[in-house]
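Colleague:
Residue numbers (our numbering): 36 to 388.
1. Considering only residues of the same chain and omitting the five flanking positions on each side of residue 242, which have a CB-CB separation below 6 Å?
2. Thinking C-beta only, is residue 134 closer than 8 Å to residue 76?
3. I'd like the span of the alpha helix (DSSP H) that includes residue 257, first residue to last.
4. Where do the N-terminal and C-terminal ends of the alpha helix (DSSP H) with residue 239 fall, by residue?
5. Does the stretch 113-125 come into contact with the stretch 155-173, if we say contact requires no fewer than three beta-carbon pairs (one atom in each stretch) closer than 8 Å?
6. Tell me the DSSP secondary structure of residue 306 in three-state form.
7. Between residue 225 and residue 61, which are expected to be in contact by the criterion C-beta below 8 Å, what is the C-beta distance as a whole number of angstroms?
8. Write down every uninterrupted run of the alpha helix (DSSP H) in the stretch 125-179 whose length is 4 residues or greater and which is fully enclosed by it, in chain order.
9. So within the stretch 51-105, which uninterrupted alpha helix (DSSP H) runs reach at least 4 residues, ignoring any that extend past its ends?
10. Short of 6 Å in beta carbon distance, which residues of its chain neighbour residue 47, apart from the five on each side in sequence? Order them along the chain.
11. Note down, in chain order, each residue of its chain lying with its Cβ closer than 8 Å to the Cβ of residue 309, except the 5 sequence neighbours on either side.
12. Distance check for residue 105 and residue 144, CA to CA, integer angstroms please.
13. Please name the residue in 149, 59, 142, 81 whose C-alpha comes closest to that of residue 196.
14. Under three-state DSSP, which class holds residue 317?
15. Suppose contacts are defined by Cβ-Cβ distances below 8 Å. Is residue 102 in contact with residue 161 by that definition?
16. Going by CA-CA distance only, name the one from 329, 238, 219, 233 that's closest to residue 45.
17. How is the alpha helix (DSSP H) around residue 349 delimited, first residue to last?
18. For residue 219, collect the residues of the same chain with a Cβ closer than 8 Å to its Cβ; drop the 5 residues on either side in sequence, then sort them by chain order.
19. Kindly list the residues whose CB is nearer than 6 Å to the CB of residue 177, restricted to its own chain and excluding five residues on each side of it in sequence; keep chain order.
20. Quick check: the stretch 203-212 against the stretch 342-353, are there 3 or more CB pairs under 8 Å?
21. To the nearest angstrom, report how far apart residue 63 and residue 140 are at their CA atoms.
22. I'd like the span of the alpha helix (DSSP H) that includes residue 234, first residue to last.
23. Return the chain-ordered list of same chain residues with a C-beta closer than 6 Å to the C-beta of residue 370, the five sequence neighbours on each side being excluded.
24. Check residue 244 in the structure and name its three-state DSSP category.
25. Please classify residue 387: does DSSP put it in a helix, a strand, or coil?
26. What does a CB cutoff of less than 6 Å around residue 304 pick up in its chain, not counting 5 residues either side in sequence?
27. Just to check my reading of the structure: residue 202 and residue 210 have Cβ atoms closer than 8 Å, yes? What is that Cβ distance to the nearest angstrom?
28. Between residue 51 and residue 118, is the Cβ-Cβ spacing less than 8 Å?
29. Counting C-beta neighbours from all protein chains within 10 Å, is the total for residue 42 16 or more, i.e. buried, or is it exposed?
30. Alpha carbon to alpha carbon, how far is residue 108 from residue 291? Give it in angstroms, no decimals.
31. What's the call for residue 258, buried or exposed, on a 16-neighbour Cβ count within 10 Å?
32. Taking the beta carbon of residue 386 as the centre, do at least 16 other beta carbons fall within 10 Å, making it buried, or is it exposed?
33. Tell me whether the beta-carbon of residue 154 lies closer than 8 Å to the beta-carbon of residue 100.
34. Helix, strand or coil, according to DSSP, for residue 195 in the structure here?
35. How is the alpha helix (DSSP H) around residue 380 delimited, first residue to last?
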């Protein structure tokens with residue numbers, strides 16, 4: 036299988052996962068109105084975000100389930116399961132009748148579909164990184180693995196673009212009534228492409244004998260590894276959400292920017308993140324993962340406060356420079372972390388860990 040197909044197969048699930056994340060956030064108001072009682076709009080929004088959170092709570096379970104499949108039955112089986120388990124519920128959410136037709140069955144079914152999505156996404160990211168690293172040339176593992184988070188950012192940008200497009204071409208009434216469903220229905224096309232591409236991949240021969248219970252082995256024999264991976268994930272998650280979620284609100288409250296201007300800066304920074312993933316990963320292939328990760332971590336520790344002070348000045352250019360600086364730090368870490376997390380884990384439990 037050629038390298039381009041390997042990269043596309045590895046990143047397409049992450050793109051679909053974060054496409055759904057972005058579309059859900061864009062249309063959360065319409066989702067709340069359709070699937071929950073209409074007595075109180077605030078309660079509808081809270082319920083919609085609550086279901087969104089339930090999907091996140093399913094992720095650890097999904098990581099264990101999909102990881103077990105990957106370590107016991109092979110990476111291909113895990114990846115085809117995860118992309119199907121994301122695409123089908125996404126499509127069904129686009130078809131599901133609302134509360135006016137189904138009553139309380141609507142929020143129940145909607146919640147079950149979101150739980151299935153959470154189950155899928157919990158194992159998608161790790162399994163896709165394992166797949167990319169194990170099929171990459173030894174001297175290009177960092178660069179190849181960086182296409183995992185690269186796909187996630189593509190999904191966010193594509194989902195935002197779909198939201199903007201339908202908001203631009205449809206009236207507010209049509210968008211709230213039925214237009215919000217179209218992006219969810221379109222997710223099936225991406226999912227089908229990913230499913231058939233992944234199903235056509237040959238499975239690599241097993242390098243080690245796999246145990247019957249990789250999850251038990253991870254907790255029994257590799258608990259120190261779990262602590263290391265958790266530390267990786269904390270820097271990754273906190274850095275990303277501060278840079279692209281908190282900063283947008285901070286610019287509005289501190290610099291009194293409009294929402295559209297704050298999101299414009301956010302989008303520019305996110306687009307710059309894509310090439311930075313590849314650059315940092317290439318540097319890690321050339322100079323080592325430890326050096327690049329240490330440089331990014333130190334830059335975050337000593338650079339975050341000065342960059343926020345820079346953004347306190349209510350000018351577009353300084354705010355943009357501040358967020359771009361944070362983006363470079365976070366991208367340097369995430370782009371390198373993708374391969375590092377896989378390489379420090381034994382192959383027999385890589386997906387589960």
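C-beta atoms are modelled at their ideal positions from N, C-alpha and C, and glycine is treated no differently.
Source: prediction; values computed, not measured.
Modeller: Taking the structure as given:
1. The residue you call residue 242 lines up with position 207 of the chain shown. Here residue 242 scores only 48 on pLDDT, less than 50, and its place in the model should not be relied on; the value that follows carries that caveat. 382.
2. As a first step, residue 76 must be located in the chain shown, where it is residue number 41. As a first step, residue 134 must be located in the chain shown, where it is residue number 99. The Cβ-Cβ distance between residue 76 and residue 134 does not fall below 8 Å.
3. Position 222 of the chain shown holds residue 257. Here residue 257 belongs to no alpha helix (DSSP H), and DSSP marks it neither H nor E.
4. Reading the chain shown from its first residue, position 204 is the one you call residue 239. Premise fails: residue 239 is in no alpha helix (DSSP H) and is neither H nor E.
5. Touching, yes, given that three or more Cβ pairs across the two stretches are closer than 8 Å.
6. Sequence index remark: in the chain shown, residue 306 carries index 271 (1-based). In this structure, residue 306 counts as helix in the three-state DSSP scheme.
7. Position 190 of the chain shown, counting from 1, holds the residue named residue 225. Position 26 of the chain shown, counting from 1, holds the residue named residue 61. Between residue 225 and residue 61, the beta carbon gap of about 17 Å keeps them out of contact (Cβ cut-off 8 Å).
8. Note on the stretch 125-179: whole alpha helix (DSSP H) runs with a minimum of 4 residues are 134-137, 140-169, in chain order.
9. Counting only runs of 4 or more, we get 63-70, 76-92.
10. Walking along the chain shown from the start, residue 47 turns up at place 12. The residues are 229.
11. Translated into the one-based positions of the chain shown, residue 309 becomes position 274. If we look at residue 309 and ignore the five residues flanking it on each side, its Cβ neighbours are 185, 188, 189.
12. Sequence index remark: in the chain shown, residue 144 carries index 109 (1-based). Sequence index remark: in the chain shown, residue 105 carries index 70 (1-based). So the alpha carbons of these two residues sit roughly 28 Å apart.
13. Reading the chain shown from its first residue, position 161 is the one you call residue 196. Checking every option, the nearest Cα to that of residue 196 belongs to 59.
14. One-based indexing of the chain shown puts residue 317 at position 282. If DSSP states are grouped into helix, strand and coil, residue 317 belongs with the helices.
15. In the chain shown, counting from the first residue as 1, residue 102 sits at position 67. In the chain shown, counting from the first residue as 1, residue 161 sits at position 126. Their beta carbons are under 8 Å apart, which means residue 102 touches residue 161 by this criterion.
16. In the chain shown, counting from the first residue as 1, residue 45 sits at position 10. Out of 329, 238, 219, 233, 233 has the C-alpha closest to the C-alpha of residue 45.
17. Numbered from 1 along the chain shown, position 314 holds the residue referred to as residue 349. Note, residue 349: premise wrong, no alpha helix (DSSP H); not H, not E.
18. The residue you call residue 219 lines up with position 184 of the chain shown. Cβ within range, chain order: 55, 58, 125, 126, 128, 129.
19. Locating residue 177 in the chain shown gives position 142, where the first residue counts as 1. For residue 177, where only same-chain residues beyond five positions count, the Cβ hits under 6 Å are 316, 319, 320, 374.
20. Short answer: they don't touch.
21. Locating residue 63 in the chain shown gives position 28, counting from the first residue. Locating residue 140 in the chain shown gives position 105, counting from the first residue. Going by C-alpha positions, residue 63 is about 19 Å away from residue 140.
22. Here residue 234 corresponds to residue number 199 of the chain shown, with the count starting at 1. Segment 216-234, the alpha helix (DSSP H) holding residue 234.
23. The residue labelled residue 370 in the question sits at position 335 within the chain shown. Counting only Cβ-Cβ distances below 6 Å, and skipping sequence neighbours, we find 181, 312, 315, 316.
24. Taking the first residue of the chain shown as position 1, residue 244 is located at position 209. Because residue 244 carries a pLDDT of 46, less than 50, the predicted location of this residue cannot be relied on, and the following value inherits that uncertainty. In the displayed model, residue 244 falls within coil according to three-state DSSP, outside both helix and strand.
25. Here residue 387 is taken as the residue at index 352 of the chain shown, counted from 1. Coil.
26. Mapped onto the chain shown, residue 304 falls at position 269. Correct list, in chain order: 358, 359, 362.
27. Residue numbering aside, residue 202 sits at position 167 when the chain shown is read from its first letter. Residue numbering aside, residue 210 sits at position 175 when the chain shown is read from its first letter. About 6 Å separates the two Cβ atoms, so the contact holds.
28. Translated into positions along the chain shown, residue 51 becomes position 16. Translated into positions along the chain shown, residue 118 becomes position 83. Cβ distance < 8 Å, so residue 51 and residue 118 count as in contact.
29. Counting from 1 along the chain shown, the entry for residue 42 is found at position 7. It counts as buried.
30. For the purposes of this step, residue 291 is taken as residue 256 along the chain shown, with counting starting at 1. For the purposes of this step, residue 108 is taken as residue 73 along the chain shown, with counting starting at 1. Near 53 Å, if we compare the C-alpha coordinates of residue 108 and residue 291.
31. In the chain shown, counting from the first residue as 1, residue 258 sits at position 223. Label assigned to residue 258: exposed.
32. Working through the chain shown from its first residue, we reach residue 386 at position 351. Answer is buried; the Cβ neighbour count reaches 16.
33. In the chain shown, residue 154 corresponds to position 119, counting from 1. In the chain shown, residue 100 corresponds to position 65, counting from 1. Cβ distance < 8 Å, so residue 154 and residue 100 count as in contact.
34. Here residue 195 is taken as the residue at index 160 of the chain shown, counted from 1. DSSP places residue 195 within a helical segment (H, G or I) once states are collapsed to three.
35. Here residue 380 refers to the residue found at position 345 when the chain shown is read from its first residue. It is not in any alpha helix (DSSP H) - residue 380 carries neither H nor E in the DSSP assignment.
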